[in-house]
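Residue numbers (my numbering), protein chains in the order written: chain A, 1 to 463; chain B, 464 to 926.
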């Protein structure tokens, strides 16, 4: 292991340059305009795997963007780790809020990242974190120190709901046979407070359209006489939360598993400062469901948020128009045992039922995903915990996260495998936002920690 | 007058072609990108006035777009009619809903316009209606039949609140001295139900911005923990109307003059079919303030409508983001004696007061305008009524309109003059909407009717 770590130390500059090159390809999966770049990124990832020493590397075509597969089987009697990651990224807009172009990475220091952070779309989510595995693998291979088998499955549609991954997994049970799935697409509490995500929220995402009159109208002549789709949409959205910020969709909470008081007390031990939280976001107070703390609201409770809204005249100046249509994108984060398909149905039925006379409503479901929990007594979790303890010098805290990686539940269903979420990002890394970044410290810490996971996972399996 | 009408008949093709040329210049005053075209339109209007026989024609520069002035003084002892109109137009968007390009006028028939209608932005509002006056003037001049003095004041900022017209009027009291102001920028009930607008609503227009966290956030990590500016904006907008669709801004109705039961009975005599209204708009019901009929809601009652809303991710697909900011454009139509400045203040104070902890609100007032009422016993109204009766064969109905022409109240204050609103458009002409049009019948009916107004206004003044 000394050789591996020394190799990593020696090659830091190159490891960083290679990541910057990868970040320069704008692999925005949500926008068809970037299609060529997304394919180019897949090819680049495949080449990186080959260069690192992977075998059977293949760009597996799907109905959408391809999945990059590669493996290194050293001994079929040894355990196999299946590494999952994604090479696609979120759209960069609003681009005007970036301080550097989103696909021209720069490194600069921040108060949280005194050693510098890489600013670029995808730096943390997930190119940077995915690439840590490629480099850690390279370090182990080049030093003849790979302790077990490894398989890579890197997809290009995570940011649009992994629409074709399920089919791929279903059709490749044998090829994907493994003992654990390892993913770095989450975060830690702080650079000096390592943590491992043990729970993920599910997701239901819908787009709604409210139609009033059949054409845009002059608000002077028709104002006050007809249902204005924007006002109605606002009213319908407002009605989705009550005065305690409970979600009002009938049946929404029916399957939510409430944590015991003991579990909540355990959770409350993770450090959290409301003052620091508010200061970082420049807000004077938090807001959320009555009866729960902010960390609880963001992890063990389901939520409903409007992610986008539009309608009418949004240009410069004033236009006195009543729009014919108004739109919103709405997502719900789900917790065990809420089922995304069932929740989407509840939403559609409720939203249609509250549309007033004079309007029509159309709800289009986008992707969804099931919530998931990783048990902390599994071999995978234990190996990860030991690995973090080794490189950070302290035992990591298990935390439930508010985010969603819907494929974790799918992996369990299809492959019968638990997923270990070894994330090295920070909440402040602004993923999905302008100025996304990833600490240089975090990038290398990930590359250093991953080989220890391989080592301990192998050892614990042998024991 | 026979000569005048014969001249109009003879020149119909040319009158139409000249209007189409004027409509081809995209004079969108709200968007700085069209600045050159707006100036070009002013020059075109000035040239048309000169060609028609106007004197002292001048393109009067202002701090914004110029005002075109021209006059023909035949005898200072005769009455003077001041014609007002505007050569600027609303933005054309959403452009994808136009069946022809907005600035490439075409003529086609519709069920309401079997003789054809001119489809183009500004066809009705107000290039078409303004140009009727230029052509009617030409017909009177060329046949030595102008019965009294006339002055033209055609501005280029009506669609953005006539911001510089007030200054111009204040500085030109002597030049603008007249006996009545004549404006064609309103509509009639139907081509076989002539009507004259006797009341206009005022306007308060504001843009609101709700800020939550200082940057866009990942909805998985922060959803449910912080105030989401879009959800909050929706809630704030929803709260502006109560369950009876009364506006909840404290003090909003304090100065509203309620009509007497007699006045409301008189109003109710104007033909109105809710069925036809709903069918035309493809809605299953109307919506509005409890206790008032649809025509009342659209004319004698103040209203509040969102004209535009935007925030977050509005592109293709799904993005799980909590936006840092959300925006809306909101307009309020006002009735006598509501004061737009006072109402705007009430709105700002109320909107700021309802912003919850965790958010900040900024309200930017756009333009406003006072409501106005034209008495039907004035010489101007009587002359207009006689003129319509002559050309339509039936007496026009006086109606209160829901629209706003804020400068009408300003004219009365500054110049002490009442305005006669001789409009020839129809509600169905889709002004401010895609596929705005103006009936060919209406265009020529306007040109034919205006000379009669001149005749009767002169005669009634002599009497």
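For every residue, glycine included, the Cβ atom is placed at its ideal position computed from N, Cα and C.
Own chain, CB closer than 6 Å to residue i, minus 5 neighbours either side, in chain order
i, result
"residue 409/A", "370 and 372"
"residue 503/B", "488"
"residue 136/A", "447, 450 and 451"
"residue 235/A", "none"
"residue 474/A", "With chain A running from 1 to 463 in the structure shown, residue 474/A is simply not present."
"residue 889/B", "650"
"residue 847/B", "659, 883, 885 and 916"
"residue 365/A", "206 and 344"
"residue 179/A", "79 and 80"
Collapsed DSSP secondary structure at residue i in the structure displayed
i, result
"residue 407/A", "helix"
"residue 149/A", "strand"
"residue 470/B", "helix"
"residue 857/B", "coil"
"residue 689/B", "coil"
"residue 256/A", "coil"
"residue 60/A", "strand"
"residue 140/A", "helix"
"residue 484/A", "The displayed coordinates of chain A run from 1 to 463. Any statement about residue 484/A would go beyond what the structure contains."
"residue 424/A", "coil"
"residue 162/A", "coil"
"residue 684/B", "helix"
"residue 518/B", "strand"
"residue 770/B", "strand"
"residue 795/B", "strand"
"residue 22/A", "helix"
"residue 84/A", "strand"
"residue 735/B", "coil"
"residue 432/A", "coil"
"residue 363/A", "strand"
Contacting residues, own chain, Cβ-Cβ under 8 Å from residue i (five flanking each side not counted)
i, result
"residue 511/B", "481, 485, 594 and 597"
"residue 571/B", "579, 580 and 582"
"residue 285/A", "278"
"residue 900/B", "573, 576, 580, 581, 582, 583, 586, 587, 892 and 893"
"residue 214/A", "324"
"residue 702/B", "711 and 817"
"residue 173/A", "414 and 415"
Neighbour-count burial assignment, residue i, 16 or more Cβ in a 10 Å radius
i, result
"residue 394/A", "exposed"
"residue 32/A", "exposed"
"residue 350/A", "buried"
"residue 648/B", "buried"
"residue 406/A", "buried"
"residue 10/A", "exposed"
"residue 589/B", "buried"
"residue 462/A", "exposed"
"residue 756/B", "buried"
"residue 157/A", "buried"
"residue 403/A", "buried"
"residue 617/B", "buried"
"residue 228/A", "buried"
Own chain, CB closer than 7 Å to residue i, minus 5 neighbours either side, in chain order
i, result
"residue 882/B", "644, 646, 837, 871 and 874"
"residue 470/B", "602, 605 and 606"
"residue 441/A", "113, 115 and 191"
"residue 328/A", "208, 233, 237, 306, 308 and 309"
"residue 497/B", "489, 490 and 491"
"residue 466/B", "606 and 608"
"residue 52/A", "134, 137, 138 and 141"
"residue 102/A", "92, 95, 120 and 121"
Supposed contact pair residue j and residue i - C-beta distance, whole angstroms, cut 8 Å
i, j, result
"residue 380/A", "residue 457/A", "7 Å"
"residue 205/A", "residue 368/A", "6 Å"
* Evaluate the contact criterion for the region 215-225 of chain A versus the region 351-361 of chain A: three or more CB pairs, one atom per stretch, below 8 Å. => These segments do not touch.
* Is there contact between the region 328-335 of chain A and the region 304-313 of chain A, where contact requires at least three CB pairs shorter than 8 Å? -> The region 328-335 of chain A vs the region 304-313 of chain A: in contact.
* Can we say the region 387-395 of chain A touches the region 192-203 of chain A, given the rule of at least three CB pairs closer than 8 Å? -> Short answer: they touch.
* **At least three beta-carbon pairs within less than 8 Å, the region 609-618 of chain B to the region 523-538 of chain B** => The region 609-618 of chain B is in contact with the region 523-538 of chain B.
* To do: Say whether the region 703-722 of chain B touches the region 749-766 of chain B, bearing in mind that this needs 3 or more beta-carbon pairs closer than 8 Å, one atom from each stretch.
  => Put simply, the region 703-722 of chain B touches the region 749-766 of chain B. At least three CB pairs are less than 8 Å apart.
* **Stretch pair the region 169-178 of chain A + the region 87-94 of chain A: three plus CB contacts closer than 8 Å** => Segments in contact, no.
* **the region 338-350 of chain A / the region 245-253 of chain A touching (three or more Cβ pairs under 8 Å)** => With the rule of 3 Cβ pairs closer than 8 Å, the region 338-350 of chain A counts as touching the region 245-253 of chain A.
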